[in-house]
Structures are given as C-alpha cells and as structure tokens.
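J.: Protein chains in written order, with my numbering: chain X, -18 to 331; chain W, 5 to 580.
C-beta atoms are modelled at their ideal positions from N, C-alpha and C, and glycine is treated no differently.
Bear in mind that the values here come from a model prediction, so they are computed numbers and not experimental data.
One structure is given below, represented as structure tokens, and several questions about it will come after.
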Amino acid sequence: MIKNVPLVPEQASSYATQMDPLFWVLVALTVFFAGTVLTLLLFFAIRYRRGKQVDRSNAPDEHQFLEITWTIIPLLLGLGVFVWGAKLFAGAFGPPPANALEIFVVGKQWMWHIQHSNGVRENNELHVPLGRPIALTMISQDVIHDFYVPEFRIHVDVVPGRYTREWFTPIKVGRYRLFCAQYCGTDHSKMTGWVTVMDPADYARWLANGGQEVPTAPKTMAALGADLYVREGCAQCHDPGAPGHGPVLTGLYGSIVTKPSGEKVVADAAYLREQILTPADRVAPKYQQIMPSYKGQLTEEQVLQLIAYIKSLGPQNPASAEPVPISGAKPAVTKVKSARGKSADKGKSQ
Amino acid sequence: MSVQTLEVNTEPAPEPKEERVTYLNVDHSLKSWLLTLDHKRIAILYMVSISLMFVLGGAAAAMIRLELTSPHGVMLSNETYNKMFSAHGIIMVFFFMVPSIPAVLGNFCLPLMIGCRDLAFPRLNLLSWYLFTIGAIVALAAMLSGGVDTGWTFYTPFSSVYSNSNVVTTIIGVFIAGFSSIATGLNFIVTVHKMRAPGLTWFRLPLFVWALYATSVIIVLGTPVVAITLLLVVVERTLHLGIFDPALGGDPVLFQHMFWFYSHPAVYIMILPSMGVMSEVISAFCRKRIFGYKFVAFSSIAIAVFGFLVWGHHMFVSSQSVYAGMVFSVLSFMVAVPSAIKTFNWTATVYKGRVWFTAPMIFALGFMGLFVVGGLTGLYLACLATDVHLHDTYFVIAHFHYIMVGGAIMGYMAGLHFWWPKMTGKLYPENWAKLAAGIIFIGFNLTFFPQFILGWLGNPRRYHIYPEEFQVWHVLSSAGSSILAVGYIIPLFYLLWSLKYGRNAGRNPWGAVGLEWTHVDSPPHPHNFHEVPVVTWEAYAYEPAEVEQERYDRPDVDEEGAMWTAPGSATAGEKS
C-alpha cells in the first residue's frame, strides 16, 4: 500500500535534474521558516498565557534592529532563490541547442497533433530519442492549451495565432504522461497522451518505419512460437526430460496419431489447434489428461505461432500435412505483433 | 510609548434593565432594513448575503471533492464538472471573498473605530449592497440556467469565442458586483481621510483601518480594469470585434495581462483585511500594543503598491517574454517581504504578552499556521524555474487556498467572533467556537496539504479524470473537505443560537482598547457615539503587564465553563 503512494515524480529530462535541487532547497527554507515562526509563536503563546506568573517586564513593542534584520534576511534569501531560478529558466526558455531535433505540435480541442520532420505524424503520442535535445514548435488551432510533461518538469502554453517553443533533453527511456495543463473546455481532462522516450537507434528505426515500432530483428513465426512455448509453460511438460508428463513434440507435426476412439489421423495444423485449445477431447495415447485448456488464453495468432514452432521441431511430411497458411498470414501477423508490443509497453509504464 | 490610564472597563453598563435603543431594535420593519442608511445594518445585510453565497460556493466545492474521489470521473459529466469548478470559483472569489471582511466587518467597524457616526456616503453604501445583490442574482441566474464553464479566470479565446455556456450573463453579474466593490472602496477612503475623530491621527489608527485603507486603494484602482476587461470579452462574444481572438486579429494573451492586473491584487483585497483583523485580535488577546506598529502599517501599503506590479507571475509560461518573466519574478519575491514582516511582528507581539486563549485568538493562531505555509509556498510559484513545473497544477490550488481559505477565512472567522458581541450584544458559546476552530484547522490541512503533493507529482488543475496513481491523495483531500465542512457548519448554528440564548456581552467583554469597545455600547446605538470622542492616546494603549496584573488576573471562565466575564466589564454587573 505505502509503496503505491506516489511522492516524487520521476526525473526524465535534464531540466528535471536541474530544477529538483532548487525545489528541495525551497522545501528546506519553507520548513525552516514555518518551523521557526510557528514554534516561537506557540512557545510564546503558552509561556505567556494569561494567569501564568512569568517575567513580563520591559516588554518591547518596537525594535528597529530586529525589523531591519527580518526585512533584509528574507529579501536576500528571496533574491538568491530568484537568481538561481532565473538562470535555470533562461536556459530552459532560451534558444534550444543547435543539435536539437525539431518536432511540430498542434493543439486543438481536445487532441494533440504531432509531426516529425520526415512527415511521420502521430496523435496524442510523441516519440523522441533519448539524450538529444528536442525542440517543440507549438501552436493551437483554437483556444489556449499547454503542453505539460511532469517527468520533464516543463510546461509551455500552446497559443492560437503564435508559435511557442518548448525544449528539453530526455534522459530516461520510458513512457510519460502528457497533459494539457491550460483549461481548454469540455474535454480538457481527456486531452492527454503519452511521450515515449526511445533509444536513438530504436527511434531512428521507428521513424524510418513510418512511425511503427519494429522489433530489433523481425522474428519468424516459429521463433515467436518458441517464446510462447516457454512463456505459457508448455516446456514444463513437453520438453524432453521435463519433470512434467507429456509427449515430446519433436517430430509430431505431420506424423500419424491415434485418437482415443482408435481412429488414426494426421497431426496437422487443425489437429494441433484442437489439441491446444481443447486437450480433454483428444488424449494422446499413453498419457493422462492433465493439460489445461488454452481456449481463451491464446489468440488465434499465437496458436498459429505455436503450431509453426511445433512444425519447426521435426521433419515434415508434406504428403500428409495440410498446408499451414504461414506465408499468407505473415504480414498481418507482424503488424498485429507490433501493435501488441506497443500496448504491452503501455501497460508496463502505466 | 505614552502610557495613559484609559478608562477601559470601569464604565458602568448604561441602564441594564430598561431596554436601550440600539441599531437592531430601533425599528423592526423589513422596510427599515432594506432602506437603511446605517453602516451597521448594511454590514448585517452583507453578512446575510455573503453567508448565503458561501453556502452555495461550498456546495459546489463539495460536488468537486466528491467527484474527485474517483479517478474516472464517474459522477459528473465533463461539462458539469467544468461548470462546478467555475461556479465555485466565481461565487467564492467575486461574491464571497472580495466583499467578506471589508463589506461586513469593515462596514461595521470602520466608523466605530475612527469615532464617527457613519461612513462618508451612507447612500452609496446602501447602493453598494444593492449592486452586490443584483450582481449576485444575475450571476446565480446564469449558473442555474445552464451554467458557465470558463472557470473564474474567463481565459480567452475560450470564453470569448468557444464556450457555449452563459458567459455573457455571468460576466454582467460580476461586472455589476464590481461596482459594489468600487463604491465600498471609495467610501472607505473618503471616510478614513475625512471623518477621523479629533486627535485620531494616522499613526493612532488601529491597524485594521490601515489594512482597510490599503484594500480600498487596490479596489478603486484595480476593479475598473477587470470590469472593462470582462466587458471586452462580452463585446468580442456578441459583436465579434477582434480583441482577444487571433482569428479576428486579437491577442489572446492580452486578456491575461488585463485580468491579472486586477486579479492578482484581488488576492491582496482578500488577505489584507484579514491581516488587519489579525493585528486587532492578537493585540487584544495579548494585552499588548502590536509590535512594530509602523512596520505593520506600512507593510499594508507596500503590499498594495507592490501587489500591482506582479501580475505577470501568472504568465511565466504563457509565451510572455523571458525578460518580462524575470522582472515579475523578482518583484514577486519582493512582495513577499512585507507579508513576512507582518508575520514576524505578530509573533513578536505575543512575546511577553498576556495571552488569553479565546476563540478569536485560536482562529488567529490558526491563521498564522496556514498563512505561513501559504505564503512560503507562494515562493515556489514566484520562482521561475519551479513555476515551470508547478504552474496550473494542484500545487497552485493548494497554495492559494492556504492563503484565501486558510488565511482570509480564518481571519474572517477570528474577526466575526471578535466583534460578534459588539454586533449583536451577545456572547457566543466559547467552547463550541474553539471546537469549530480546531475542526476547521484540521479539516483544512487534510483537504489542502495533499494537494501540494498532487501538484508536485504533476496533476494539472481542473482535471476530473486523473491518473489512478494519484487517487490516494485525492481521497485524503476529499475526506478532509468533509471535516472542513463540519467545521464551517457548526458556527452557523451556535452563532444563530447565541442571538436568542447567548449571554449579554456588555460593552467590552474582551477588555479591549479601541473606540468601538470603550466608547460604544453593544449593540451600538444607531448613532454610534453619544458624543464625539477626542482621542489623546496611541492605538493599542494597553497598560504594561505589571499594572494590569492586578486587574486582569482573575478567572476568565465562570462556573458554567462556557462563558467568561471580562473583569470590570459591563456584564460583571449583569450576571444573573
């Protein structure tokens, strides 16, 4: 419970690392001054409460030196904080570094439109590379909005009729919330999105791919199936020498298997699909039926990937095997995979 | 300091048995109230009006806090939520906070404190209440017949072009109420200049009068600007003249400059009178002249002057120039200094005082606790670098509620309890009042402290759908607000109760100095003073502790435990 109570926002930009020390100095000053004044106040109030016999002689009602002291000290401290703050502000709101990557933002009720210089567009999402200054040129199509990413510690209003600029250098890979922080009407609290900070190489690939996330090396369906085979716990029973009890899958695909009814069938894709989804119906000979059903646990794409993996394990028998429609499904599968990868990422950072 | 033996409490109560003529019983007809020119009755009219507005604004706040217990916005639609926070802000700022202390306590006390029969322009004073009431009715009508969704800040071009709600009607209501402020401010300025009792020089004035004077200067200089600004929004909305909308050749940020030119000083309109009350209450219950009188007095003036030069700190990230931002930032740090001076002086006043823990004093101590936190957190927003993160988040909400609710309303409550015996002639039940003060203090902190953390985590204001991880802080805040509501409801009951059942207060239940206590009956005669007082003493002329020792070291709580009798006060003789 306690560890789920957020106290400090993540530092995801170089500005955040510069600003936070100033913030904590202000916290320290607050604690010191509030603590001193209120402690003295309570101490005096209790010590000099009515009816208590204490020395009240020569109670002062003015003191030039004290007045000047408590005018000058807060003033000097204030000016010190001002100078510190102004310096950081001048850096953050000054011109961005020459190597900054320019990205264009248009705000409108109640959406963020973002364009990268190569023409890739996104809505309510911004992908940026790690470690490189990002300069956003922003304008609104209607009312005033504000582009705010708390982890970057930076706000800038997005104003109709004029360009505003916000720049920052992301220092941490991850997904961060984007808010519209200037009240803009009905769906103001839904005008949110995500900023994704990626490794520069991933970003370059993402950009080159027209804004689609692609894995580092495109995986074959069989490889994807192998991942699933491990992740879904198949290996515990089906690996050779596994502690569980299940048939080893090598060479299964395309072989002739006997059903409980005695009927002999070819272990083709259709057979394997049924075996995975409703194993109780088709117990393999010599094995107890202990395999759970994966119906509803796996998507059809995943089932295809598992079958492709099983197929890759042993020699095929093209004569008896039904053709598995791998080639035709491949582009669709890749696409689905990338979409899933995205949402899985999202889930993680949420 | 000149110590003179002022006859504080020794006057006998005038004719205790026979009913005395007071401003309350001189005429009971409704007409006599609605057409009264008596500043005291107008103060009561104002008190009733603003209490009603406070309840309405509070109801909107309750809806907001209830909605925010869930991160998904399950109770209210987006549109309704936006109308709720707009209603809360508009009602509380324009129809409660701005008139609260000046129009109620100021109206009542100012003539009594400076020894005159009424304000300089009694008819203008009545007119101001009517303007306020008409403005309030118009604005409420707009909010009830569909509502307004612009927030109290009316930012353009949303308000002037895009909003589909009752912007024009609401603005007209605020505009009319603005004239009521101006009328009151003008009245106070003239009254303070021209109607002080003989011998009551500027540096003999109670600090509450200084605070009201500074407030009035801000009102008179600032309110016309916001009135015209809001009128320009109406002009753009209805006639499509390009003033703020860039599509028509206007400048959207211009509105913010003009709006905050008034609305930042408006914060001082709300807090300065409260600071004035603080000086009165702390001095009265420490039995001591306020420490550093001149510094406290001039700090009010300094706040009024500097307050006009810091409006741009609301706009650091609005596309305002970086250099303008720096100027506004440094001035904002400077405006914090006079407030700090006041705080230090109040603390020093308590030193070697004779602290009497009455309810007003408890409220005053609560004010200190909350105002210090509210003031210091203002520095985070005055500082450019941190404002870039905290701007328009819950941190801002927490900060200004610590000032405006924690500070200003605590001050209003302190003043209300302090002068209640003078206004009504009755004592309120002291223990209930102390209980209420405690509940308000705890409820307030529980409501608003979590909002500092929410803001620091980056929760923007005016969001009713928010990230789930923030929910724990929102729930704490909502829980606190229910405690706060209880704290505000209790006084409503016991104050009304005291009107009928409260003990007679007598002329000076606190044994305070100040013309309103020493020379005026409770409740006052319609003409206030039986004869014009001639002031030959300084403000807060309490006798040194050694002299007062004898007179005041008596039990201040009687056998019933709820009431007290100030030694030598009129009630002493009336005890039954």
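Give the DSSP-derived three-state secondary structure of X/C161 in the structure shown.
T.: Working through the first sequence from its first residue, we reach residue 161 of chain X at position 180. Looking at X/C161 - three-state DSSP - the assignment turns out to be strand.
J.: When you compare only the Cα positions, how much space is there between W/L252 and X/E147?
T.: One-based indexing of the second sequence puts residue 252 of chain W at position 248. One-based indexing of the first sequence puts residue 147 of chain X at position 166. Answer to the nearest angstrom: the Cα atoms are 26 Å apart.
J.: For W/R466, does the count of other Cβ atoms within 10 angstroms reach 16, so buried, or fall short, so exposed?
T.: Residue 466 of chain W sits at position 462 when you count from the first residue of the second sequence. By the neighbour-count rule (16 or more Cβ atoms within 10 Å), W/R466 is buried.
J.: Give a yes or no on whether the minimum CB-CB distance between X/L3 and chain W is below 8 Å.
T.: By one-based count along the first sequence, residue 3 of chain X stands at place 22. Judged by the 8 Å Cβ criterion, X/L3 is in contact with chain W.
J.: So what does X/S121 bridge to, in DSSP terms?
T.: Taking the first residue of the first sequence as 1, we reach residue 121 of chain X at position 140. Answer is X/G88, X/P141, bridged to X/S121.
J.: Beta-carbon within less than 6 Å of W/M147's beta-carbon, same chain only, minus the 5 sequence neighbours each way: which residues are those?
T.: Residue mapping note: residue 147 of chain W aligns to position 143 of the second sequence, counting from 1. Correct list, in chain order: A91.
J.: Suppose only complete runs of 3+ residues qualify. What are the beta strand (DSSP E) ranges in the segment 308 to 371 of chain W, listed by chain order?
T.: none
J.: When the Cα atoms are used, what is the spatial distance from X/P181 to W/V221?
T.: Residue numbering aside, residue 181 of chain X sits at position 200 when the first sequence is read from its first letter. Residue numbering aside, residue 221 of chain W sits at position 217 when the second sequence is read from its first letter. Computed Cα separation, rounded: 59 Å.
J.: Using the three-state DSSP reduction, which class does X/V246 fall into: helix, strand or coil?
T.: As a first step, residue 246 of chain X is located in the first sequence; it is residue number 265 there, counting from the start. Correct three-state label for X/V246: strand.
J.: At a CB distance below 7 Å, what residues from the segment 160 to 180 of chain X approach chain W? Give them in sequence order.
T.: Residues passing the 7 Å Cβ filter: F160, A162, Q163, Y164, C165, G166, T167, D168, H169, S170, K171.
J.: On a CA-only basis, which of X/F160, X/Q256, X/A216, X/K276 is nearest X/Y332? Give me that one, please.
T.: Given a span of -18 to 331 for chain X in the structure shown, any question on residue 332 of chain X remains unanswerable.
J.: Considering only residues of the same chain and omitting the five flanking positions on each side of W/V300, which have a CB-CB separation below 7 Å?
T.: To locate residue 300 of chain W, count along the second sequence from 1; it is residue 296. Excluding positions up to five away in sequence, the list reads L211, S283, I294, K346, N349.
J.: Could you run through the segment 419 to 430 of chain W and flag, in chain order, every residue whose CB is less than 9 Å away from some CB of chain X?
T.: none
J.: With a threshold of 16 other CB atoms inside 10 Å of the CB of X/D42, please say whether the residue is buried or exposed.
T.: For the purposes of this step, residue 42 of chain X is taken as residue 61 along the first sequence, with counting starting at 1. Here X/D42 is buried, its C-beta having at least 16 other C-beta atoms within 10 Å.
J.: Quick one: which chain W residues come within Cβ less than 9 Å of X/I135?
T.: On the first sequence, residue 135 of chain X is found 154 positions in, with the first residue counted as 1. V321, V392, H393, listed in chain order.
J.: Run down chain X in chain order and give the residues with a C-beta less than 8 Å from the C-beta of W/F474.
T.: Indexing the second sequence from 1 puts residue 474 of chain W at position 470. P(-13), listed in chain order.
J.: If I measure Cβ to Cβ from W/G484 and keep anything under 6 Å in the same chain, skipping five residues before and after, which residues do I get?
T.: Your numbering for residue 484 of chain W matches position 480 in the second sequence. G447, L450, T451.
J.: Nearest by alpha-carbon distance to W/I54: which of W/V102, W/V490, W/H76 is it?
T.: In the second sequence, counting from the first residue as 1, residue 54 of chain W sits at position 50. Nearest C-alpha to W/I54: W/V102.
J.: Go ahead and pull the three-state DSSP assignment for W/H92.
T.: As a position in the second sequence, residue 92 of chain W is number 88, starting the count at 1. Correct three-state label for W/H92: helix.
J.: Using 8 Å as the threshold, is the C-beta distance between X/L107 and X/I84 below it?
T.: Here residue 107 of chain X is taken as the residue at index 126 of the first sequence, counted from 1. Here residue 84 of chain X is taken as the residue at index 103 of the first sequence, counted from 1. Contact flag set, yes.
J.: Since W/Y416 meets chain X, which of its residues come closer than 8 Å, beta carbon to beta carbon?
T.: Counting from 1 along the second sequence, the entry for residue 416 of chain W is found at position 412. Going along chain X, no residue has its Cβ under 8 Å from W/Y416, so there is no contact; the nearest lies around 20 Å.
J.: Please go through the same chain and pick out, in chain order, the residues whose beta-carbon is closer than 7 Å to the beta-carbon of W/N463, but skip the five residues on each side of it.
T.: Residue 463 of chain W sits at position 459 when you count from the first residue of the second sequence. Excluding sequence neighbours, W/N463 sits near T397, Y398, Y470, F474.
J.: Do the segment 377 to 385 of chain W and the segment 241 to 251 of chain W meet, that is, are 3 or more Cβ pairs less than 8 Å apart?
T.: no
J.: Can the beta-carbon of W/A201 be found closer than 8 Å to that of W/G139?
T.: Counted from its first residue, the second sequence places residue 201 of chain W at position 197. Counted from its first residue, the second sequence places residue 139 of chain W at position 135. It is not a contact, given that the beta carbons lie outside the stated cut-off.
J.: Beta carbons nearer than 9 Å to chain X: which residues of the segment 71 to 87 of chain W have them?
T.: G77, S81, N82, E83, Y85, N86
J.: Using only CA atoms, which one of X/Q256, X/I125, X/I288, X/Q269 lies nearest to X/G227?
T.: Here residue 227 of chain X refers to the residue found at position 246 when the first sequence is read from its first residue. That would be X/Q269, whose Cα lies nearest to the Cα of X/G227.
J.: DSSP three-state call for W/A545: helix, strand or coil?
T.: Reading the second sequence from its first residue, position 541 is the one you call residue 545 of chain W. In this structure, DSSP gives W/A545 a state outside helix and strand, which the three-state scheme calls coil.
J.: Just to confirm my understanding: we take W/W424, look at its own chain, exclude 5 residues before and 5 after, and list those with CB closer than 6 Å. What are they?
T.: To locate residue 424 of chain W, count along the second sequence from 1; it is residue 420. For W/W424, where only same-chain residues beyond five positions count, the Cβ hits under 6 Å are Y432.
J.: Hey, W/L34 and W/P126: beta-carbon distance below 8 Å or not?
T.: Taking the first residue of the second sequence as position 1, residue 34 of chain W is located at position 30. Taking the first residue of the second sequence as position 1, residue 126 of chain W is located at position 122. No, the Cβ-Cβ distance between W/L34 and W/P126 is not below 8 Å.
J.: Taking W/V238 as part of the beta strand (DSSP E), name the residues at either end of that continuous run.
T.: On the second sequence, position 234 is the one that residue 238 of chain W refers to. Counting along the chain, W/V238 falls outside any beta strand (DSSP E), though it belongs to the alpha helix (DSSP H) covering 211 to 243.
J.: Can you pull out the residues from the segment 227 to 254 of chain X whose beta carbon lies closer than 9 Å to at least one beta carbon of chain W?
T.: none
J.: Within the continuous beta strand (DSSP E) that includes X/Y129, where are the two ends?
T.: Residue 129 of chain X sits at position 148 when you count from the first residue of the first sequence. 126 to 130 is the span of the beta strand (DSSP E), which, as asked, contains X/Y129.
J.: Please report the straight-line C-alpha distance between W/H534 and W/T26, rounded to a whole angstrom.
T.: As a working note, residue 534 of chain W is residue 530 in the second sequence. As a working note, residue 26 of chain W is residue 22 in the second sequence. Straight-line Cα distance between these residues: approximately 12 Å.
J.: Near W/P161, what residues of its chain come up, given a Cβ to Cβ distance below 6 Å and the 5 sequence neighbours on each side ignored?
T.: In the second sequence, the residue the question calls residue 161 of chain W occupies position 157. Around W/P161: F248, D249, P256.
J.: Along chain X, which residues have their Cβ under 7 Å away from the Cβ of W/K356?
T.: Reading the second sequence from its first residue, position 352 is the one you call residue 356 of chain W. Correct list: Y29, R37, A40.
J.: What residues in its chain sit with their C-beta under 7 Å from that of W/N305, if we drop five residues either side in the sequence?
T.: In the second sequence, counting from the first residue as 1, residue 305 of chain W sits at position 301. Looking at the sequence provided, one finds Ile at residue 305 of chain W rather than Asn. The residues are A218.
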